[in-house]
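Residue numbers (my numbering): 8 to 319. Everything on this sheet refers to the single structure shown next.
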Ligand SMILES: NC(=O)c1ccc[n+]([C@@H]2O[C@H](COP(=O)([O-])OP(=O)(O)OC[C@H]3O[C@@H](n4cnc5c(N)ncnc54)[C@H](OP(=O)(O)O)[C@@H]3O)[C@@H](O)[C@H]2O)c1
């Protein structure tokens with residue numbers, strides 16, 4: 008069970024969360040709970056009521072345009088969190104153009120702190136070894152390249168003018184988001200992949216706590232810093248699936264090595280490495296869900312996704 012949330016020992020701040028989605032709205036809710044003023048930006052209308060219910064002030068603007076970014080950043084903030092997602096779509100527009108426009112909009116009103124929830128997709132290692140932040144980030148594919156370009160835009164703009172942190176998140180899961188579990192519960196008989204790839208994951212609430220932790224610690228340090236944000240336990244795909252199937256009381260699916268993997272298609276899937284969280288752990292952060300075993304809902308009887316009880 009997750010423990011109680013740690014108190015944020017910083018003065019109340021105004022925060023703009025660009026991309027108030029799955030991670031962003033959970034972060035916003037925590038900040039509000041600790042007395043901060045939070046503005047949550049989405050690209051489209053529709054989620055305002057949910058955002059307001061969390062105590063976050065909604066703002067609708069497209070950060071990837073000049074006018075939209077200006078609107079999104081209006082009034083400035085002590086802290087800006089760039090947490091937009093292309094949901095598998097146009098990475099150049101969403102990340103690169105979004106970051107460029109936002110940094111331009113903030114030029115005359117820089118925040119004190121800027122956080123970018125990037126991705127471990129920038130690592131291309133395929134040998135199954137451990138990967139820390141100082142390992143080469145040389146993504147061969149388009150999406151990883153664009154994420155790296157986005158990091159570098161932030162690095163150049165921050166240049167000791169403000170505190171900037173990149174959090175390279177591994178696969179985010181949590182309430183309502185368990186893709187493989189969903190498939191297995193839905194009766195999938197096959198899964199893409201050969202089962203021999205390492206899966207790296209982070210519970211959404213631990214990702215949120217990592218941002219809060221970095222807010223609290225070392226925030227006067229103006230050096231540009233990158234942190235992997237992932238749990239303690241990379242797991243081989245076949246072991247993860249076997250564990251889930253055992254708990255669901257169902258036979259394991261067949262792996263299909265040639266089937267496209269994930270929404271990024273095959274280009275993002277050749278990567279096979281264990282992401283290390285040592286740097287962030289060495290600073291004092293610890294995941295409350297060290298592995299999927301603690302992070303997944305109780306199996307098999309928990310209500311899941313659409314709220315229906317799972318038939319045993
Ligand atoms: N989820 C993962 O497994 C994962 C893994 C690694 C890294 N990350 C990173 O974590 C961050 C958050 O991911 P998430 O899962 O919370 O994403 P999400 O649930 O898809 O939320 C993304 C949010 O960004 C908004 N958005 C997208 N484009 C925008 C734009 N041009 N202008 C303004 N808002 C925009 C969306 O608004 P609308 O809803 O209106 O479109 C939505 O509120 C992302 O930066 C992602 O790259 C996620």
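Ideal placement from N, C-alpha and C gives every residue a C-beta, glycine not left out.
Neighbour-count burial assignment, residue 208, 16 or more Cβ in a 10 Å radius: As a position in the chain shown, residue 208 is number 201, starting the count at 1. Buried, because 16 or more other Cβ atoms sit within 10 Å of the Cβ of residue 208.
Cβ separation of residue 131 and residue 140, assumed to be a contact under 8 Å, to the nearest whole Å: By 1-based counting over the chain shown, the position of residue 131 is 124. By 1-based counting over the chain shown, the position of residue 140 is 133. About 14 Å separates the two Cβ atoms, so there is no contact after all.
Pair within 8 Å by beta-carbon distance, residue 210 and residue 291: Residue mapping note: residue 210 aligns to position 203 of the chain shown, counting from 1. Residue mapping note: residue 291 aligns to position 284 of the chain shown, counting from 1. In terms of Cβ geometry, residue 210 and residue 291 do not form a close pair [threshold 8 Å].
Neighbour-count burial assignment, residue 86, 16 or more Cβ in a 10 Å radius: Locating residue 86 in the chain shown gives position 79, where the first residue counts as 1. Burial call: buried.
Assigned secondary structure, residue 300 (DSSP; H/G/I helix, E/B strand, else coil): Here residue 300 refers to the residue found at position 293 when the chain shown is read from its first residue. Helix at residue 300.
8 Å Cβ shell around residue 84 - same chain, five flanking residues per side excluded: Numbered from its first residue, the chain shown carries residue 84 at position 77. Exclusion of the five residues before and after residue 84 leaves 20, 21, 22, 23, 46, 118 as the residues of its chain whose Cβ lies within less than 8 Å of its Cβ.
Residue 204 versus residue 81 - alpha carbon distance: As a first step, residue 204 is located in the chain shown; it is residue number 197 there, counting from the start. As a first step, residue 81 is located in the chain shown; it is residue number 74 there, counting from the start. So the two alpha carbons sit approximately 44 Å from each other.
Straight-line Cα distance separating residue 134 from residue 55: Working through the chain shown from its first residue, we reach residue 55 at position 48. Working through the chain shown from its first residue, we reach residue 134 at position 127. So the two alpha carbons sit approximately 44 Å from each other.
Outcome for residue 121 when other beta-carbon atoms lying within 10 angstroms are tallied against a minimum of 16: In the chain shown, counting from the first residue as 1, residue 121 sits at position 114. Around the C-beta of residue 121, 16 or more other C-beta atoms lie within 10 Å, and the residue is accordingly described as buried.
Heavy atom of ligand 1 within 7 Å of residue 101 beta-carbon: Position 94 of the chain shown, counted from the start, is the residue given in the question as residue 101. Flag set: Cβ of residue 101 near ligand 1.
Identity of the residues DSSP links to residue 171 by a beta bridge: In the chain shown, the residue the question calls residue 171 occupies position 164. According to DSSP, residue pairing for residue 171 in a beta bridge involves 121.
Residue 151 - DSSP class collapsed to helix/strand/coil: Walking along the chain shown from the start, residue 151 turns up at place 144. Three-state DSSP puts residue 151 in a helix.
heavy atom of ligand 1 below 7 Å from residue 350 C-beta: Because the chain in this structure spans residues 8 to 319, residue 350 falls outside the shown range and cannot be described.
Cβ distance (whole Å) where residue 106 is taken to contact residue 161 below 8 Å: The residue labelled residue 106 in the question sits at position 99 within the chain shown. The residue labelled residue 161 in the question sits at position 154 within the chain shown. Under the criterion of beta carbons closer than 8 Å, residue 106 and residue 161 qualify as touching, at roughly 6 Å.
Helix, strand or coil at residue 234 according to DSSP, with G and I counted as helix: What you label residue 234 is simply residue 227 of the chain shown in a count that begins at 1. Note: residue 234 maps to strand in three-state DSSP.
Per-residue burial, residue 168 [other beta carbons within 10 Å of its own, 16 or more giving buried]: By 1-based counting over the chain shown, the position of residue 168 is 161. By the neighbour-count rule (16 or more Cβ atoms within 10 Å), residue 168 is not buried but exposed.
Cβ-heavy atom distance, residue 30 to ligand 3, below 7 Å: The model depicted lacks ligand 3 and carries ligand 1 instead.
Of the residues 100, 53, 94, 58, the one placed nearest residue 70, counting alpha carbons only: Position 63 of the chain shown holds residue 70. Ranking the options by Cα distance to residue 70, first place goes to 100.
Span of the beta strand (DSSP E) around residue 343: Nothing in the structure corresponds to residue 343, since the chain is present only between 8 and 319.
Proximity below 8 Å, CB of residue 282 to CB of residue 126: In the chain shown, residue 282 corresponds to position 275, counting from 1. In the chain shown, residue 126 corresponds to position 119, counting from 1. No; because the gap between Cβ atoms is not below 8 Å, this pair is not in contact.
Whole-angstrom distance between residue 64 and residue 42, CA atom to CA atom: As a working note, residue 42 is residue 35 in the chain shown. As a working note, residue 64 is residue 57 in the chain shown. Residue 64 has its alpha-carbon roughly 13 Å from the corresponding atom of residue 42.
Cβ-based burial, residue 27 [other Cβ within 10 Å; buried from 16]: Position 20 of the chain shown, counted from the first residue, corresponds to residue 27. Classified as buried, residue 27 has 16 or more neighbouring CB atoms from the shown chains inside 10 Å of its CB.
Meets three-Cβ-pair contact criterion under 8 Å: the region 260 to 269 and the region 187 to 199: Taking a contact to require three or more Cβ pairs closer than 8 Å, the region 260 to 269 and the region 187 to 199 qualify as touching.
As assigned by DSSP and simplified to three states, the class of residue 157: Along the chain shown, read from residue 1 onward, the residue named residue 157 stands at position 150. The answer is helix: DSSP assigns residue 157 an H, G or I state.
Segment contact flag, the region 181 to 195 with the region 246 to 254, C-beta cutoff 8 Å, min 3 pairs: Verdict: yes, contact present.
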